[in-house]
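Protein chains in written order, with full-length UniProt numbering: chain A, 1 to 109; chain B, 1 to 284.
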């Protein structure tokens, strides 16, 4: 498992029904591209977050494929319309099979 | 002939304008997370009032996006390193099996520390920077290995200590036992170095607000350190910044942690007395 991986998410605590809100996500991850070599000339194996998804009450909001050229600590910001109160679930998939999860509740008001 | 003269005077005007291209610091206020308003501009402290009327944070000299990035902890990439230091704060290390938290409590209780450093240490009989204090704790209280002065763990820890002090006012003591060190720092500040023969004051006192090629010269205040620089995507310590500046004058530099840089840090910090602690700030 990659070291020092920590997901962070920022979602407003409440929104009006039907309002488009901005969601910010960031995961600390070294995003080793697989192109670099170490001091001895050996290739450093690729180790990246390769997929990110966000679901709201079980419905998919966004599904992102991340590629090796994406830099350290990938930051993703996107908009989502909130039809009702509920919970956003965020999932990051690591090359090594690890899955990192975070969730945030949002109220209508 | 008339046409030629017109063209010439146009050239002269263009030349004059280029040499005095002034880009004033912006009129903006820094509110962190929509809650804490920081002082980024205030009356110069008495000991620099002969040189400056007003002291200004480097934040005012940066672009709109960079300023916005610092105003929100989520957008501020420096906060990742603060979080890493928070884990270290609570982790025991060394032969005594103690963590920082075992003596000091929560990191958020340390908000009075960063604003007063560098400061005189009675036991060591010298001026201590925050880094020296951290290493003194590690060595003598925790029985742990010292950290490299400008290494990753150290700069992260100073970022944590700065982050909990944001909004508090920089107030380093320049009198009493620290005065000799402060005088030494002042001497260094006004000493021209390198093949370009530039002192700190040539850029940061005489010429702040001007463009130095594509960069907007600030007053060189250090209230925002450590600084997350977009150009190297990591936190930069005060002494690394000093080193970079002196290198740019094409001089051999002092080393991070050297007595000269400690003295310079005390002097430069004192020039920002009255500004808010801002670290970790975001800069170019």
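C-beta: ideal position from N, C-alpha, C; glycine also.
Taking 8 Å as the Cβ-Cβ cut-off, the segment 51 to 76 of chain B approaches chain A at 74 and 75, given in chain order.
The contact set of residue 80 of chain B on chain A, defined by CB atoms closer than 7 Å, consists of 28 and 73 in chain order. Residue 278 of chain B is classed as buried because its beta carbon has at least 16 other beta carbons within 10 Å across all chains shown. Around the beta carbon of residue 142 of chain B, 16 or more other beta carbons sit within 10 angstroms, so the residue counts as buried. The C-alpha of residue 74 of chain A lies about 26 Å from the C-alpha of residue 150 of chain B. Within the DSSP bridge table, the entry for residue 54 of chain B names B/43 as partners. Distance from the CA atom of residue 130 of chain B to the CA atom of residue 49 of chain B, rounded to whole angstroms, is 26 Å. The three-state reading of DSSP puts residue 61 of chain B in helix, counting H, G and I together.
A buried status is given to residue 38 of chain B, since no fewer than 16 other beta-carbon atoms sit within 10 Å of its beta-carbon.
In the DSSP assignment, residue 244 of chain B falls within the alpha helix (DSSP H) that extends over 238 to 248. Within its own chain, the residues whose Cβ lies closer than 7 Å to the Cβ of residue 160 of chain B, once the five positions on either side in sequence are excluded, are 82, 85, 86, 89 and 107, listed in chain order. Counting only the Cα atoms, residue 63 of chain B lies some 13 Å from residue 29 of chain B. In this structure, residue 212 of chain B sits away from residue 225 of chain B, with a CB-CB distance that is not shorter than 8 Å. Taking the beta carbon of residue 145 of chain B as reference, no residue of chain A falls within 7 Å; the closest one sits roughly 20 Å away. For residue 137 of chain B, no beta strand (DSSP E) encloses it, and the DSSP letter there is neither H nor E. What residue 83 of chain B touches in chain A, judged by beta-carbon distance under 9 Å, is 6, 8 and 28, going in chain order. The C-alpha of residue 139 of chain B is placed about 16 Å away from the C-alpha of residue 121 of chain B. Look at residue 66 of chain A here: in three-state DSSP terms it is coil, with no helix or strand label.
Remark: C-beta atoms of residue 200 of chain B and residue 189 of chain B approach each other more closely than 8 Å. In this structure, residue 85 of chain A lies away from residue 22 of chain A, with their beta-carbon atoms at least 8 Å apart. Membership of residue 89 of chain B in the alpha helix (DSSP H) is indicated by the continuous run 78 to 89. In the structure shown, residue 109 of chain B adopts helical secondary structure according to DSSP, grouped into three states. In the DSSP assignment, residue 259 of chain B falls within the alpha helix (DSSP H) that extends over 259 to 271. No Cβ-Cβ contact shorter than 8 Å links residue 18 of chain A with residue 65 of chain A. Against residue 89 of chain A, chain B offers no close residue; the least beta-carbon distance is about 19 Å (beta-carbon pairs closer than 9 Å). Per DSSP, the beta-bridge partners of residue 47 of chain A are A/32. The Cβ of residue 24 of chain A sits closer than 8 Å to at least one Cβ of chain B.
Distance from the CA atom of residue 275 of chain B to the CA atom of residue 231 of chain B, rounded to whole angstroms, is 25 Å.
Between residue 91 of chain A and residue 30 of chain A, the beta carbon gap of about 19 Å keeps them out of contact (Cβ cut-off 8 Å). Rounded to the nearest angstrom, the gap between the Cα atoms of residue 240 of chain B and residue 218 of chain B is 17 Å. Contact between residue 54 of chain B and residue 44 of chain B holds: their C-beta atoms lie close to 6 Å from each other, under 8 Å. 8 Å or more divides the Cβ of residue 249 of chain B from the Cβ of residue 210 of chain B. Cβ contact annotation for residue 24 of chain B (same chain, cutoff 7 Å, sequence separation greater than five): 209, in chain order. For residue 101 of chain B, the enclosing alpha helix (DSSP H) has its first and last residue at 100 to 104.
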